[in-house]
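Enquirer:
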Amino acid sequence: MNHILKCHDIVKTNFVRAENCFLYDELGRRYTDFESGIWCTALGHSHPRISQVVATQAAKLMHLGTRYPNTIVEEAALAVLEIVHFEAGKCVFLSSGSEAVEFGAQTIRRVTGKNILLTFSNSYLAAYGSAGRKNIEDWFLVDWNICPEADTCLENIPFDQVGGFVLEPGGSGSGFVRFPPLQLVQELVQKTRQAGGLVMSNEVTAGMGRTGKWFGFQHYEIQPDLVALGKGLGNGYPVSAVAMSRDVAEKLEASGLRYAQSHQNDPLGCSLAKEVIAVMRDENLIEKGAALGAYFLAGLQRCAEKYAIVREARGRGMLLGLEFHPHETFSAETAYQTLLEQGFLVGYYPAGNILRFDPALTIEQESVEQLLDCLDNVLQNVQIPTLA
Ligand SMILES: Cc1ncc(COP(=O)(O)O)c(C=O)c1O
C-alpha cells in the first residue's frame, strides 16, 4: 500500500471480506467492526438484501443523466420524504455527506436571500466548501460549551441577518460524542424562525437510526425545514440526499435553480437508499439499535464506575464514547492499539482522549459483551498513581 496517498494514519491490515460486523483479513483473521467503516454500514457489511440490490440494479441500470430521473429515483425520494416527515416535499440525491450539507446550506442562502448561517462551533458539517470552511463571512458560530445557558448565548446572535440554523445533532463529527443542549437548540430554532430563517438538520452521522431514533433532530422535538442525509443511507455505498419541505422546494425551484452533478439521482444509489429504509423497517432496526445501544452504554458506564482512568461514558443509541483522564502511559490511542491487536476496530480521538463506538445496528449482543470484556481487561492493567 505504498501508492495510497497518506491523508492520515493508515493501518496496513489487508481486509478482504466482511459479514455483518465481522471483517476478515487475507489470513482469515477475524475483527469485529465497532466503527461501521466511517459510521456508514448501519445494516452491517454484506447485508444479503443490499448485496442483492447492488447486483440486480447494477446489471439493469446504474447511472442516468440528471435530466432523466426514473421511477426508482421517485420511489427512493418518497421513502426518504416519508421518514423525515416531508410527505409533500422534494428530495435530491447526491453522493457524499459533504455535498448534501453544502447543497442544503446554499439552498437556505438562496431561498432566504441571507448569507449568514448559524451553527455550533464544534459541529462538523463537511470536508470542503462553505460548510467545510465555516468562515466568519458566511457563518455565525455558537460555542455551547462555554455558554450552555440559552439566555447568555442568544444575546449576541444577529438573527435578523441569519438565513438559517444548521444543527448537527450527533455531537459527532468533532469526535467528542457531546450532544447540544435541548433548550438551547429549541430556542435557536424558534428565534431563527421568528426572524424568517430556516432550519436544517445535518443527519449525515446522526440519522438512519444511529442515535436510537430515525433522526437526531427527534431528540430535540423539532421539525426542520431541510434534512441532509448520507452515510447510513447507502450502507457504505456513496449516496446522500437533501430532503426539504414543500414550501422550501417551491421557493428553490421558483428561484431559477440550475444545479447538476455527475451522480445526481443515480438509479443505483437511489435503489440502495430505498432498500436500506425498507430493511430498517422490516428488521425493526431503529428499536433494536436503541435497545442494544442502551445495554452497551450501561456496560461502558460500569467501566467508568470501576476504573478511575475513565472520565465519562456517554452516548445515544449506537453512538457511544468513553473518555479517559490524562495518564503518562495510557491514552485512547494506546487503548485503540490494544483493542486492534485483540481484534476489535473502534474509533479514537486523540484531542478528546476518547474511544468511540459506532457499530452497525445489527451487531450481536455477544459481540458487545466481548468488547466490554476486552475493555475491562485493558483497563484493569492501567495503574493509577495514588496520591501520598
Ligand atoms: C456530521 C457530519 N456531517 C457531514 C459529514 C461529511 O460527510 P462525507 O464524509 O460523506 O462527505 C460527516 C462525515 O463524517 C459528518 O460526520
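The numbering used here puts the first residue of the sequence shown at 876, with every later residue one more than the last.
Idealized CB from N, CA, C, for every residue including glycine.
So what's Ser1005 in DSSP terms, helix, strand or just coil?
Expert: Three-state DSSP puts Ser1005 in a helix.
Enquirer: If I follow the unbroken alpha helix (DSSP H) through Gly1174, where does it start and stop?
Expert: Its alpha helix (DSSP H) spans residues Leu1160 to Lys1181.
Enquirer: So, Cys1186 versus His1200, is the Cβ gap smaller than 8 angstroms?
Expert: The displayed chain sequence assigns Arg, not Cys, to residue 1186. Their beta carbons are under 8 angstroms apart, which means Arg1186 touches His1200 by this criterion.
Enquirer: In angstroms with no decimal places, state the Cα-to-Cα distance between Ala1116 and Thr1209.
Expert: Roughly 37 angstroms between the two C-alpha positions.
Enquirer: Give a single yes or no on whether Ser1130 has its beta carbon closer than 7 angstroms to a heavy atom of ligand 1.
Expert: It does not: the Cβ of Ser1130 is nowhere closer than 7 angstroms to a heavy atom of ligand 1.
Enquirer: Does the Cβ-Cβ distance between Asp900 and Phe890 come in under 8 angstroms?
Expert: Cβ atoms of Asp900 and Phe890: closer than 8 angstroms.
Enquirer: Just to confirm my understanding: we take Gly1013, look at its own chain, exclude 5 residues before and 5 after, and list those with CB closer than 8 angstroms. What are they?
Expert: Checking the sequence, you will find Asp at residue 1013 rather than Gly. Excluding sequence neighbours, Asp1013 sits near Asn990, Ile991, Leu992 and Ser1005.
Enquirer: For Glu1096 and Pro1055, what's the separation of their Cα atoms in angstroms?
Expert: Their backbone Cα atoms lie some 13 angstroms apart in a straight line.
Enquirer: Once DSSP output is grouped into helix, strand and coil, what is the label at Asn1256?
Expert: Note: Asn1256 maps to coil in three-state DSSP.
Enquirer: Is the distance from the Cβ of Arg961 to the Cβ of Gln1139 below 8 angstroms?
Expert: The identity of residue 961 in the sequence shown is Phe, whereas the question assumes Arg. Their beta carbons are not under 8 angstroms apart, which means Phe961 does not touch Gln1139 by this criterion.
Enquirer: Using only the alpha-carbon positions, how far apart do Asn945 and Glu1244 sit?
Expert: So the alpha carbons of these two residues sit roughly 45 angstroms apart.
Enquirer: Work out the CA separation of Glu1241 and Pro1099 for me, nearest whole Å.
Expert: Computed Cα separation, rounded: 37 angstroms.
Enquirer: What's the gap between the Cα of Leu1197 and the Cα of Pro1225?
Expert: Going from the Cα of Leu1197 to the Cα of Pro1225 covers about 12 angstroms.
Enquirer: Using a Cβ-Cβ cutoff of less than 7 angstroms, which residues in the same chain neighbour Thr1204 once the five nearest sequence positions on both sides are dropped?
Expert: Excluding residues within five positions, none has a Cβ falling inside 7 angstroms.
Enquirer: Within 10 Å of its beta-carbon, does Lys935 have 16 or more other beta-carbons around it, so buried, or fewer, so exposed?
Expert: Under this definition Lys935 is an exposed residue.
Enquirer: Mark Tyr943 as exposed unless 16 or more other C-beta atoms lie within 10 angstroms of its C-beta, in which case mark it buried.
Expert: Result: exposed.
Enquirer: Identify, in the order they occur along the chain, each residue of the same chain with its Cβ nearer than 6 angstroms to the Cβ of Ser1146, setting aside the five sequence neighbours on each side.
Expert: Correct list, in chain order: Val928, Gln932 and Ile947.
Enquirer: I believe Leu1236 touches Gly1084 by the beta-carbon criterion, under 8 angstroms. Please report the beta-carbon distance rounded to the nearest angstrom.
Expert: The Cβ separation is near 5 angstroms, so the contact holds.
Enquirer: Is the separation between the beta-carbon of Val1102 and that of Val959 shorter than 8 angstroms?
Expert: It is a contact, given that the beta carbons lie within the stated cut-off.
Enquirer: For Asp1122, report the span of its alpha helix (DSSP H) as first-last.
Expert: Here the alpha helix (DSSP H) through Asp1122 covers Arg1121 to Ala1129.
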